[in-house]
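Novice:
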Amino acid sequence: MAVPASPQHPRGYGILLLTLLLKALATTASACNHLRPQDATFSHDSLQLFRDMAPTLLQLCPQHNASCSFNDTILDTSNTRQADKTTHDILQHLFKILSSPSTPAHWNDSQRQSLLNRIHRYTQHLEQCLDSRDTLSRTRWPRNLHLTIKKHFSCLHTFLQDNDYSACAWEHVRLQARAWFLHIHNLTGNTRT
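Those letters in the sequence shown? Residues -31 to -1, 1 to 162, per mature numbering (1 follows the signal peptide of the UniProt record, and there is no 0), in order.
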(Lines of atoms letter the chains of each structure in order from A and count residues from 1; the text may use other names and numbers.)
(Lines give C-alpha, C1' and ligand atoms only; values in the text may rest on other atoms or scores of the structure.)
Protein backbone atom coordinates (compact mmCIF):
# COMPACT_ATOMS: atom_id res chain seq x y z
CA MET A 1 0.00 0.00 0.00
CA ALA A 2 1.30 3.41 -0.97
CA VAL A 3 2.03 5.95 1.69
CA PRO A 4 0.11 9.20 1.10
CA ALA A 5 2.32 12.20 0.45
CA SER A 6 2.43 14.65 3.29
CA PRO A 7 0.52 17.82 2.43
CA GLN A 8 2.67 20.88 1.74
CA HIS A 9 2.33 23.59 4.32
CA PRO A 10 0.92 26.87 2.88
CA ARG A 11 3.84 28.70 4.48
CA GLY A 12 6.20 26.70 2.23
CA TYR A 13 4.49 28.14 -0.85
CA GLY A 14 4.71 31.63 0.60
CA ILE A 15 8.44 31.27 1.21
CA LEU A 16 8.94 29.94 -2.31
CA LEU A 17 6.91 32.80 -3.79
CA LEU A 18 8.79 35.37 -1.72
CA THR A 19 12.13 33.90 -2.82
CA LEU A 20 11.11 34.09 -6.49
CA LEU A 21 9.85 37.64 -6.09
CA LEU A 22 13.06 38.79 -4.39
CA LYS A 23 15.13 37.16 -7.15
CA ALA A 24 13.03 38.95 -9.80
CA LEU A 25 13.45 42.28 -7.99
CA ALA A 26 17.21 41.76 -7.73
CA THR A 27 17.36 40.98 -11.46
CA THR A 28 15.42 44.15 -12.26
CA ALA A 29 17.64 46.22 -10.01
CA SER A 30 20.80 44.81 -11.57
CA ALA A 31 19.40 45.33 -15.09
CA CYS A 32 18.72 49.00 -14.32
CA ASN A 33 21.64 49.88 -12.02
CA HIS A 34 24.02 50.18 -14.94
CA LEU A 35 21.92 53.11 -16.20
CA ARG A 36 22.63 55.34 -13.23
CA PRO A 37 26.26 56.13 -14.09
CA GLN A 38 25.33 56.47 -17.76
CA ASP A 39 22.45 58.81 -16.93
CA ALA A 40 24.89 61.21 -15.33
CA THR A 41 26.85 61.60 -18.55
CA PHE A 42 24.64 60.41 -21.41
CA SER A 43 22.72 63.61 -22.12
CA HIS A 44 25.70 65.91 -21.49
CA ASP A 45 28.08 63.86 -23.65
CA SER A 46 25.43 63.38 -26.34
CA LEU A 47 24.71 67.08 -26.40
CA GLN A 48 28.42 67.79 -26.79
CA LEU A 49 28.67 65.26 -29.64
CA PHE A 50 25.59 66.84 -31.17
CA ARG A 51 27.16 70.32 -31.00
CA ASP A 52 30.33 68.99 -32.63
CA MET A 53 28.30 67.16 -35.25
CA ALA A 54 25.87 69.93 -36.14
CA PRO A 55 27.38 73.39 -35.80
CA THR A 56 25.09 76.38 -36.03
CA LEU A 57 24.31 77.34 -39.59
CA LEU A 58 26.13 80.54 -40.50
CA GLN A 59 23.63 81.72 -43.10
CA LEU A 60 20.47 83.52 -42.11
CA CYS A 61 17.38 81.42 -42.49
CA PRO A 62 13.92 82.74 -43.19
CA GLN A 63 11.47 82.14 -40.39
CA HIS A 64 9.88 78.77 -41.06
CA ASN A 65 6.35 78.14 -39.94
CA ALA A 66 6.92 74.80 -38.31
CA SER A 67 3.88 74.01 -36.26
CA CYS A 68 5.71 71.28 -34.38
CA SER A 69 5.09 72.66 -30.93
CA PHE A 70 5.42 70.43 -27.91
CA ASN A 71 4.06 70.95 -24.41
CA ASP A 72 7.06 69.81 -22.38
CA THR A 73 5.15 69.97 -19.09
CA ILE A 74 3.75 66.51 -19.88
CA LEU A 75 7.30 65.20 -19.43
CA ASP A 76 7.30 66.08 -15.73
CA THR A 77 7.44 62.82 -13.80
CA SER A 78 9.10 61.36 -10.77
CA ASN A 79 8.27 57.82 -11.93
CA THR A 80 11.51 56.15 -13.04
CA ARG A 81 9.78 53.60 -15.26
CA GLN A 82 7.75 56.25 -17.07
CA ALA A 83 10.85 58.44 -17.47
CA ASP A 84 12.76 55.48 -18.93
CA LYS A 85 9.98 54.69 -21.40
CA THR A 86 9.69 58.34 -22.40
CA THR A 87 13.47 58.63 -22.82
CA HIS A 88 13.47 55.43 -24.88
CA ASP A 89 10.72 56.75 -27.15
CA ILE A 90 12.43 60.12 -27.64
CA LEU A 91 15.75 58.46 -28.43
CA GLN A 92 14.17 56.16 -31.00
CA HIS A 93 12.66 59.16 -32.77
CA LEU A 94 15.90 61.15 -32.55
CA PHE A 95 17.82 58.18 -33.94
CA LYS A 96 15.43 57.91 -36.87
CA ILE A 97 15.56 61.58 -37.77
CA LEU A 98 19.34 61.97 -37.27
CA SER A 99 20.13 58.86 -39.31
CA SER A 100 18.51 60.38 -42.38
CA PRO A 101 20.75 60.29 -45.45
CA SER A 102 19.64 63.87 -46.19
CA THR A 103 21.47 65.59 -43.33
CA PRO A 104 23.22 68.84 -44.25
CA ALA A 105 26.65 68.76 -45.83
CA HIS A 106 28.17 70.93 -43.08
CA TRP A 107 27.37 68.31 -40.42
CA ASN A 108 30.31 66.15 -39.39
CA ASP A 109 29.46 62.60 -40.46
CA SER A 110 31.91 60.81 -38.15
CA GLN A 111 30.51 62.72 -35.16
CA ARG A 112 27.00 61.88 -36.36
CA GLN A 113 27.91 58.18 -36.46
CA SER A 114 29.37 58.42 -32.96
CA LEU A 115 26.20 60.08 -31.70
CA LEU A 116 23.98 57.49 -33.42
CA ASN A 117 26.06 54.68 -31.89
CA ARG A 118 25.76 56.28 -28.47
CA ILE A 119 21.99 56.65 -28.82
CA HIS A 120 21.68 53.06 -30.02
CA ARG A 121 23.68 51.65 -27.09
CA TYR A 122 21.77 53.65 -24.51
CA THR A 123 18.45 52.65 -26.09
CA GLN A 124 19.47 48.98 -25.86
CA HIS A 125 20.31 49.41 -22.16
CA LEU A 126 16.94 51.06 -21.60
CA GLU A 127 15.21 48.18 -23.39
CA GLN A 128 16.91 45.63 -21.11
CA CYS A 129 15.86 47.60 -18.06
CA LEU A 130 12.30 48.07 -19.30
CA ASP A 131 11.97 44.40 -20.30
CA SER A 132 13.05 43.22 -16.86
CA ARG A 133 10.66 45.65 -15.19
CA ASP A 134 7.80 44.67 -17.48
CA THR A 135 8.02 41.08 -16.25
CA LEU A 136 7.06 42.37 -12.81
CA SER A 137 4.63 45.11 -13.69
CA ARG A 138 2.03 45.49 -16.38
CA THR A 139 1.37 49.16 -15.68
CA ARG A 140 0.64 50.90 -18.94
CA TRP A 141 2.55 53.90 -20.14
CA PRO A 142 0.34 56.94 -20.73
CA ARG A 143 -0.76 56.57 -24.34
CA ASN A 144 -1.34 60.32 -24.57
CA LEU A 145 2.35 60.99 -23.94
CA HIS A 146 3.44 58.39 -26.50
CA LEU A 147 1.13 59.82 -29.16
CA THR A 148 2.17 63.40 -28.43
CA ILE A 149 5.86 62.55 -28.87
CA LYS A 150 5.13 60.54 -32.01
CA LYS A 151 3.06 63.40 -33.46
CA HIS A 152 5.84 65.91 -32.74
CA PHE A 153 8.52 63.89 -34.53
CA SER A 154 6.17 63.10 -37.41
CA CYS A 155 5.66 66.85 -37.77
CA LEU A 156 9.45 67.36 -37.88
CA HIS A 157 9.78 64.72 -40.62
CA THR A 158 7.01 66.39 -42.63
CA PHE A 159 8.63 69.78 -42.08
CA LEU A 160 11.92 68.49 -43.50
CA GLN A 161 10.16 66.97 -46.51
CA ASP A 162 8.07 70.08 -47.18
CA ASN A 163 11.25 72.18 -47.15
CA ASP A 164 13.21 69.75 -49.35
CA TYR A 165 15.61 68.89 -46.53
CA SER A 166 17.16 72.34 -46.84
CA ALA A 167 19.95 73.49 -44.55
CA CYS A 168 17.55 75.96 -42.94
CA ALA A 169 14.97 73.24 -42.27
CA TRP A 170 17.70 71.12 -40.68
CA GLU A 171 18.69 74.13 -38.57
CA HIS A 172 15.19 74.15 -37.12
CA VAL A 173 15.42 70.39 -36.48
CA ARG A 174 18.85 70.89 -34.89
CA LEU A 175 17.35 73.32 -32.39
CA GLN A 176 14.51 70.89 -31.66
CA ALA A 177 16.93 67.98 -31.17
CA ARG A 178 19.02 70.07 -28.78
CA ALA A 179 15.86 70.73 -26.74
CA TRP A 180 15.10 66.98 -26.69
CA PHE A 181 18.54 66.18 -25.29
CA LEU A 182 17.88 68.71 -22.54
CA HIS A 183 14.51 67.03 -21.86
CA ILE A 184 16.29 63.68 -21.59
CA HIS A 185 18.75 65.20 -19.13
CA ASN A 186 15.84 66.42 -17.01
CA LEU A 187 14.00 63.09 -17.24
CA THR A 188 16.97 60.97 -16.21
CA GLY A 189 18.26 63.43 -13.63
CA ASN A 190 14.93 63.89 -11.87
CA THR A 191 14.18 60.21 -11.40
CA ARG A 192 17.52 58.64 -10.46
CA THR A 193 18.77 60.85 -7.67
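Glycine included, C-beta positions come from ideal geometry on N, C-alpha and C.
As the structure is a prediction and not an experimental result, all values here were calculated from the model.
Could you tell me the alpha carbon to alpha carbon distance between T(-4) and R50, rounded to whole angstroms?
Specialist: Here residue -4 refers to the residue found at position 28 when the sequence shown is read from its first residue. Here residue 50 refers to the residue found at position 81 when the sequence shown is read from its first residue. Low confidence applies here, because T(-4) scores a pLDDT of 42, under 50, leaving its location unreliable; read the following figure in that light. Each residue's Cα considered, the two are about 11 Å apart.
Novice: Applying the 10 Å Cβ sphere with the 16-neighbour rule, what's the burial state of T162?
Specialist: Stepping through the sequence shown from its first residue, residue 162 is reached at position 193. Here the model assigns T162 a pLDDT of 45, short of 50, so the residue's position is not dependable, and the following value carries that caveat. Exposed is the call here.
Novice: Among residues of its own chain, excluding the 5 on either side of R143, which ones have a beta-carbon nearer than 7 Å to its beta-carbon?
Specialist: As a working note, residue 143 is residue 174 in the sequence shown. Contacts found: A23.
Novice: Would you report the Cα separation of S79 and C98, rounded to the nearest angstrom?
Specialist: Within the sequence shown, the letter at position 110 stands for residue 79. Within the sequence shown, the letter at position 129 stands for residue 98. If I take the Cα positions, the gap works out to 29 Å.
Novice: So is A148 buried or exposed if we call it buried at 16+ other beta carbons inside 10 Å?
Specialist: Taking the sequence shown and counting its residues from 1, one reaches residue 148 at position 179. Looking at its Cβ environment, which holds fewer than 16 other Cβ atoms inside 10 Å, A148 is exposed.
Novice: What are the boundary residues of the alpha helix (DSSP H) that includes L60?
Specialist: On the sequence shown, residue 60 is found 91 positions in, with the first residue counted as 1. Unbroken alpha helix (DSSP H) run through L60: T49 to L67.
Novice: Answer with buried or exposed for A146, where buried requires no fewer than 16 other C-beta atoms within 10 angstroms of its C-beta.
Specialist: For the purposes of this step, residue 146 is taken as the residue at position 177 of the sequence shown. Per the 10 Å Cβ criterion, buried.
Novice: What do you get for L116, buried or exposed, if any count of 16 or more other CB atoms within 10 angstroms of its CB means buried?
Specialist: The residue given as residue 116 occupies position 147 in the sequence shown. L116 is exposed by the Cβ-count criterion.
Novice: May I ask you to verify whether the segment 43 to 62 touches the segment 77 to 96, counting CB pairs closer than 8 Å and requiring at least 3?
Specialist: yes
Novice: Relative to the C-alpha of E140, which candidate in D14, S12 and F19 has its C-alpha closest?
Specialist: Taking the first residue of the sequence shown as position 1, residue 140 is located at position 171. When only C-alpha atoms are compared, the closest one is F19.
Novice: If we count the other Cβ atoms within 10 Å of its Cβ and call it buried at 16 or more, is A52 buried or exposed?
Specialist: Counting from one through the sequence shown, the residue named residue 52 turns up at place 83. Its Cβ being crowded by 16 or more others within 10 Å, A52 is buried.
Novice: By Cβ distance below 7 Å, which residues in the same chain neighbour residue 163 in space, the five residues on each side in sequence not counted?
Specialist: Not covered by the structure: residue 163. The range shown for the chain is -31 to 162.
Novice: Within its chain, find whatever has a CB closer than 6 Å to the CB of S71; leave out the 5 residues flanking it on each side and keep chain order.
Specialist: Position 102 of the sequence shown, counted from the start, is the residue given in the question as residue 71. For S71, same chain residues with a beta-carbon under 6 Å away, outside a window of 5 residues either side, are Y134 in chain order.
Novice: Is the beta carbon of S15 less than 9 Å from the beta carbon of R81?
Specialist: Reading the sequence shown from its first residue, position 46 is the one you call residue 15. Reading the sequence shown from its first residue, position 112 is the one you call residue 81. Not closer than 9 Å, so no.
Novice: Among residues of its own chain, excluding the 5 on either side of L85, which ones have a beta-carbon nearer than 8 Å to its beta-carbon?
Specialist: By 1-based counting over the sequence shown, the position of residue 85 is 116. Here the set comprises F64, L67 and S68.
Novice: Give me, in chain order, the residues of the same chain whose beta-carbon lies closer than 6 Å to that of S36; leave out the 5 immediate sequence neighbours on both sides.
Specialist: Counted from its first residue, the sequence shown places residue 36 at position 67. Around S36: no qualifying Cβ.
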